[in-house]
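Only one structure is covered here, and it is reproduced in the block below.
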Amino acid sequence: MKNQDKYHKKANSQIKKAGFFILIFNFLILNSFSILPVTAATEEPVLSVVYGQENTNQWRGITDRLQTIGVKYCVIPLADVKSGADWGDRGVLFLPNVETLTPTQAIALEEWMSKGGRLIASGPVGSLSAPGVRQLLRSLLGGYWGFSLSETEQIKPTKTNIPEWANQTELFGKVRGGVMIPNDMGSESAAVWNSKDNPAAVLTTERSTLLGWRWGTDTATAAALDNAWLKAALNHYLTAPPPSNRMKKVAGGSPNCSTTVAAMPRGQGETIQNSKFKIQNYSPSSPSSPPPKTATAPIPKPLPTIKPPSSQEAIDQLEQAVRLDVAPNSNEPIDNNQAIALQQELQNLIGRVESANLAVSADAANVGEVISSDKQSSTHLDTYTPQSVKEQPMQLASTKLGALGMSKEQALAQVRVIVKNLPLLIAQKNYALARQQWLTAKTILWQQFPVNQRLAQPEIRAVWLDRGTIVRAGSKAGLAQIFDRLAQAGINTVFFETVNAGYTIYPSQVAKEQNPLIRGWDPLADAVKLAHERDMELHAWVWTFAAGNQRHNQILNLNPNYPGPVLAAHPDWANYDNLGNMIPVGQTKPFFDPANPQVREYLLKLYEEIVTRYNVDGLQLDYIRYPFQDPSAGRTYGYGKAARAQFQQLTGVDPVNISPNQADLWQKWTTFRTEQVNSFVAQLSQQLRQKRPNLILSVAVFPMPELERIQKIQQDWENWARRGDVDLIVPMTYALDTSGFQRLAQPWIASKQLGSTLLIPGIRLLSLPTIGAFDQLQLVRDLPVSGYALFAAENFNNDLQKLFSNTQGRVQSTTSTKTEPIPQRQPFQTVAIRYTALQREWKFVFQNDLPHRPAQTISDFNNQAEVLGSALNQLAASPNPSKLLVARASLTRFQSQFRVLMSQELKSNSYQVKVWENRLVTIERLLRYGERRLQLRPYP
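Read in order, the letters of the sequence shown are residues 411 to 1350 in the working numbering.
Now the structure itself:
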């Protein structure tokens, strides 16, 4: 230690003589001890870290890692960046997991880097930005995030030209990330994935480094590996030799330095201090925007204790609550409940794989093809008009994902051994091996799904076509390409985003303003025409009570506090929380007051314009609720001017003066707000059906327990279903794993409280691996539901396009056949075709299991099945109430005997028997739904 001190004294005494070269040498010495130069050499921060809406959920993990590294840093709020100077004067900028930048911010970043700034970024940077922004970022970063990997992979060094700074052992390990696509020139791979073709995991240029995973998240990788990469990249840029001069501050950059999130975003922390009912600080940059008005109301009585809200989106909190996390190599104890869940999920996955393969095999056998265990073949089968098609070999998912060199039967046998041994490994406390075996089994099973054969029966296949994708399409021609892709993939229903953040996508005579990103174009008119030309339904998707969006303001370069064009023009229509905020703390959207008669009149008039001016097939209500609240934490909402006056007139009490501790009054307040939403749905349904009797009305809803949901968002959608106000309930059952998806969706699928309304679960494609999406679809097909909805079109990538085209896409027919029926429009025709598919599966199973089944048993089963099939076919051919009565009676008799008739199969494959029972329940529900539609539109 004395020698080291003596060395440093001697080195420092010679700095003036040796100049810059000694300074560089000193940094290299410090780096050899794995000490960040900034920490040792200066107390001033040399790193700026960007905080934005998209990394809010990950901010704790990001800052914990930065603290571990020991680097001093400044925080740059992304919302504050309007120019190059706003990126700061520190030499290195870290952009972790930010997917949306505005054109202004991207241009500012280019300007900042041109002055010597160096950029480290992680995750799919800018992937949700406008095309021009994405192109600019690709040039700045030397490449871009191509696609997500479906599994955790090993990062390893490149075989050639590995950068010296990226050749440290601690940089390599297991990571869940994505493939980086380098530009043709100027970038090199600092590390690669240990998978086929060794695609890039880290890209680096002279002035940037792009890490191919979401830095700071435990689900991506361990903190130690995260820290090692940031330290290495930071040291690389801070210690680079001339002519870079990277230790200098960036000329023209702002020296301001915030070190906490609390001091950062404008318009988020201010409302706690100034809790008045005011709309203030609106400064839209668009000169065409009207001058803002101000609405005032009395200051409410705040609740005594306010707990800060979670930074996570509510939908993500739901997903995390049901997620089945299986971390590889983790030796954390596995309790009994977890052990049961792990074993059950593998058993369910075995069932889904066998169910998918049975559907394909039964179709193949129906047209006389030979099925063998080693090489199966099938066809695209037009189930409603059988036809001769070209035979092609079945492709299992393993062909694409890396085959394990085993047949389907061998794979299933291997997984069954793993399932059997799992409890033993857990009992022996060999938790890491148990998790590894579980993940191996899941991978093997995923590889056994048939991915190039049509196996879907008529079902609702919906997708939300989002505003961003519509804007990027830019014209009817661009929109036509999207509809072509969707139609080829078998999508038959499009929820087309028509009202978003207070703007309409079309030129409206009711709404204040068409979306400024759409100029001289009516996308809704084109979408209706394009959908109908492709035999698809087009449903207008509208935001109901959400009136604006801070994220949309950012895209439009507006003040974050701008409440949207409607509330800006009518501030008295606004709703507020118990602190006087129009936008609840931690959220991003202002809401209308549903109790306000003018709000209701405006929305009814707007939606009537949509369904009468355009030949849309349906209307979907989104944000048909209040914002998220937590009464137990002192966060409540609904104190609009009209709501307060009405409630006070009913009870004699101003709701701002009551709290959840006053049980009776609080329940009345909750019921009052819930009824505002309920009555609006009922009024809208009645009014629109008078104008358009065949209109399909659907709602996008939260799959939370009913009592909790009513307390937190006042959304009582079971009530709407029972009353027949809506036709389709679409719960947003978003999950990153199939078991989580099932736990979210199962209670509502099994519910008997929905009357004749159909329920179709929502699947979020974002961050979902392609085969994982297929797995969730297979679960849907095995449950008693009539279809699904995908969120959203912007995440509908080429891999999904190919998979869906193969497994559910349209059949190219040379004969003049009818289009496959859409369940919500043609329920009885759907029922007949789906039942025929069931009969094919039963026939296939019986033919391949003859030695174990008496001929009389098969004959009895076939006779009863034929009776039901005949009744369903007659109903489909000519629907009327008497035929419906016969069909329902036949179905009830068949269902009551089904388990007896299937007793043999029940012993050997109870999962498949349950699947068949579920599909009979789906038929029952479609008949009930069809009865309501028949009453709405009587047949002659």
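All C-beta atoms, glycine included, are put in the ideal place defined by N, C-alpha and C.
Quick caveat, the model's predicted, so the values are computed rather than measured.
- The shortest C-alpha to C-alpha distance from Phe955 to any of Val1091, Ser771, Ala516, Tyr1024 is the one to Val1091.
- Annotation for Asp1209: the continuous alpha helix (DSSP H) segment containing it runs 1208-1218.
- Straight-line measurement puts the Cα of Tyr483 at about 15 Å from the Cα of Ala643.
- Within the segment 589-667, the complete alpha helix (DSSP H) segments of 4 residues or longer fall at 633-648, listed in chain order.
- Cβ-Cβ separation between Leu1337 and Leu1294: approximately 7 Å, consistent with a contact (criterion under 8 Å).
- Only residues of its own chain outside the window of five on either side were considered, and among them Val1091, Ala1092, Ser1095 have a CB closer than 6 Å to the CB of Asp1135, listed in chain order.
- With respect to Val952, Gln1030 sits close: the two C-beta atoms are nearer than 9 Å.
- Inside the segment 465-493, DSSP marks whole alpha helix (DSSP H) runs of 4 or more residues at positions 469-479, from first to last along the chain.
- It is roughly 19 Å from the alpha-carbon of Val873 to the alpha-carbon of Gly884.
- With 16 or more other CB atoms across the displayed protein chains lying within 10 angstroms of its CB, Lys641 is buried.
- Restricting attention to Ala1043, Ser1042, Gly1062, Tyr1036, the CA atom closest to the CA of Gly1050 is found in Tyr1036.
- Assignment of His980 by DSSP, reduced to helix, strand and coil, places it in the coil class.
- Boundaries of the beta strand (DSSP E) harbouring Ile1139: 1138-1141, taken from the DSSP string.
- By the Cβ neighbour-count rule, His949 is buried, with 16 or more other Cβ atoms within 10 Å of its own.
- In this structure, Val508 keeps its C-beta atom at 9 Å or more from the C-beta atom of Gly471.
- Between Gly1028 and Leu875, the C-beta gap is not smaller than 9 Å, which leaves the two residues out of contact.
- Per the C-alpha coordinates, the member of Arg617, Leu635, Thr615, Gly1150 positioned closest to Trp623 is Leu635.
- The C-alpha of Gly990 lies about 11 Å from the C-alpha of Arg1045.
- Counted as a single uninterrupted DSSP element, the alpha helix (DSSP H) harbouring Trp1252 occupies residues 1237-1257.
- His942 sits exposed, since fewer than 16 C-beta atoms from the chains shown fall within 10 Å of its C-beta.
- Counting the other Cβ atoms within 10 Å of the Cβ of Glu454 gives fewer than 16, which makes it exposed.
- With a cutoff of 9 Å on beta-carbon distance, Phe504 and Ser539 are scored as not near each other.
- For Gln924, the beta-bridge partners assigned by DSSP are Thr914.
- Contact between the segment 495-503 and the segment 578-598 is absent, with fewer than three C-beta pairs closer than 8 Å.
- Separation of the CB atoms of Asn985 and Tyr1047 is rounded to 7 Å, and the pair is thereby assigned contact status at 8 Å.
- In the DSSP secondary-structure assignment, Tyr1047 is bridged to Asp987.
- The beta carbon of Val1190 sits closer than 6 Å to those of Tyr1198, all from its chain and outside the five residues before and after it, given in chain order.
- Collapsing the DSSP output to three states places Glu907 in a strand.
- Under the Cβ criterion (8 Å, minimum of three pairs), the segment 1013-1022 counts as touching the segment 909-929.
- The shortest C-alpha to C-alpha distance from Ser1166 to any of Leu1105, Gln1234, Tyr1144 is the one to Gln1234.
- Of the candidates Pro868, Leu832, Asn840, Leu832 places its Cα closest to the Cα of Lys852.
- Note on Val829: 16 or more other CB atoms within 10 angstroms of its CB, so buried under the neighbour-count rule.
- Between Asn465 and Pro506, the beta carbon gap of about 6 Å places them in contact (Cβ cut-off 8 Å).
- In the three-state DSSP reduction, Asp932 falls in the coil class, being neither helix nor strand.
- Take His646, set aside five residues on each side of it, and the residues of its chain with a beta-carbon closer than 7 Å to its own are Trp575, in chain order.
- A Cβ-Cβ separation of about 4 Å places Thr1180 in contact with Asp1209 under the 8 Å criterion.
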